[in-house]
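Letter by letter, the sequence shown follows residues 14 to 261 of this note's numbering.
Heads up, the beta-carbon is just placed ideally off N, CA and C, and yes, glycines get one too.
Being a predicted model, the structure only gives us computed values, none of them experimental.
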Amino acid sequence: VTLIKDAADRYFLSFVVEINPVKLPENTESVGIDLGILDFATLSTKEKIKAPKPLKARLKRLKKLQRKLSKKQKGSKRREHARKKVAKLHAKIKDTRTDFVHKLSTRLIRENQTLVLEDLNTAGMVKNRKLSRAIFDLGWRTFRNMLEAKAQMYGREFRVISRWEPTSWRCSNCGEIGGKKELSVRKWTCLYCGAHHDRDINAAINIKVAGGHLETLNGRGGKRKTKPNLAAPDEASTTSKPVQLNLF
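Here it is, written out as structure tokens:
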């Protein structure tokens, strides 16, 4: 048994135990998960899940405490008292985030046999100063790690598709790929089949399909199969196709 004291002056007991988790009953459900900033996750079932964003909710108080800490004399009891206040608030922020991703990952593992996620380039995204704080506040990496660990523990299948898969560009109704869509474009219409899409729901459906489920319901209630990769730009093509442009 190990006694641990963290930066927030909290004590924890750590000990090792051997567990034999019971595998969950198998089912036929599968889900594609599109992670985002506006909504933490959008599922291929069309459900959108908001995140608590604990850092954003407590940012004003955190900055106030940090200003007070910076004004205290180093080595003084008042500075140590101020430091503990900052540490406790950081711990509360982390605990809120961890509790959220624990509950969500457990729920999705229980409901689905197969879970598919996109391999996001988080390291590249946090280089954007406008997005970095929001991304850190969401806890995408923790969520992915929990899904992977719980899937292995409870007999579920967890899949990750390539970040280069055009999930936001491909029409989930007909499978055709339109033009590049900026992040500001939240809804769009496919030029090939006329289907209207919510950007995140469409991406979540495509993530599920790309994860190996080769059939999905289209907008008319029928089924469509994923198409083979389109010809590379330098390969010959005998047909011309319209190019989807985003004017606004």
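Short check: CB of residue i to CB of residue j, under 8 Å?
i      : j      : result
Ile174 : Arg183 : no
Leu151 : Leu130 : no
Phe156 : Ser118 : yes
Leu26  : Leu16  : yes
Gln126 : Ser57  : no
Arg176 : Asp132 : yes
Thr55  : Ala217 : yes
Arg71  : Ile106 : yes
Ala223 : Glu178 : yes
Ile214 : Lys59  : yes
Taking the beta strand (DSSP E) that residue i belongs to, which residues open and close that run?
i      : result
Arg172 : 170 to 174
Thr202 : 200 to 202
Leu26  : 24 to 27
Leu56  : 54 to 56
Among all the DSSP beta bridges, which residues are the ones paired with residue i?
i      : result
Thr127 : Ser43, Glu170
Lys61  : Thr55
Leu78  : BP columns for Leu78 are empty, so no partner.
Leu48  : Ala54
His209 : Thr202
Can you give me the start and stop residues for the alpha helix (DSSP H) that residue i sits inside?
i      : result
Thr4   : Look at the range of the chain in this structure, 14 to 261, and you will see that residue 4 is not part of it.
Asp213 : 212 to 223
Val136 : Residue 136 is actually Ala in this sequence, not Val. Element bounds for Ala136: 135 to 138.
Ser185 : Per DSSP, Ser185 belongs to no alpha helix (DSSP H) and is neither H nor E.
Asp132 : Counting along the chain, Asp132 falls outside any alpha helix (DSSP H), and DSSP gives it neither H nor E.
Ala147 : 142 to 151
Which residues in the same chain as residue i place their Cβ atom closer than 7 Å to its Cβ, once the five residues preceding and following it in sequence are excluded?
i      : result
Pro246 : Because the pLDDT of Pro246 is 35, which lies under 50, any placement of that residue in the model is unreliable, and the question is left without a value.
Pro241 : Confidence in Pro241 is poor, its pLDDT being 36 and thus under 50, which makes the residue's placement unreliable; the coordinate value appears in the next sentence. Result list for Pro241: empty, nothing under 7 Å.
Lys69  : Asp150
If you drop the 5 nearest sequence neighbours on each side, which residues of the same chain put their C-beta closer than 8 Å to that of residue i?
i      : result
Thr135 : Ile148, Trp153, Arg154
Arg212 : Ser181, Lys194, Val198, Arg199, Lys200, Trp201
Lys63  : Asp52, Phe53
Leu78  : Ala95, Lys98, Val99, Leu102
Leu128 : Ser43, Val44, Ile46, Leu121, Ile122, Leu160, Ala164, Arg169, Glu170, Phe171, Arg172
Gly225 : Thr127, Val129, Arg172
Gly235 : Reliability of the predicted coordinates at Gly235 is poor, the pLDDT of 47 falling under 50, and no value is obtained from them.
Taking 6 Å as the limit between beta carbons, can you name the residues of its chain near residue i, skipping five residues before and five after?
i      : result
Lys81  : Ala95
Asn219 : Thr180, Arg183, Ser185
Cys203 : Cys184
Arg233 : Note that Arg233 scores a pLDDT of 40, beneath 50, so its modelled location is shaky; the value from the coordinates is reported in the next line. Nothing meets the Cβ criterion.
Lys61  : Asp52, Thr55
Arg91  : Lys85
Pro67  : Ile106, Thr109, Arg110
- Message: I'd like to know if the stretch 99 to 108 and the stretch 16 to 25 are in contact, where contact means that at least 3 CB-CB pairs between them fall below 8 Å.
- Response: yes
- Query: Would you call the stretch 117 to 135 and the stretch 162 to 176 in contact, with 3 or more CB pairs under 8 Å?
  - Reply: yes
- Query: Would you say the stretch 71 to 87 touches the stretch 44 to 61, given that touching needs at least three Cβ pairs under 8 Å?
  - Reply: no
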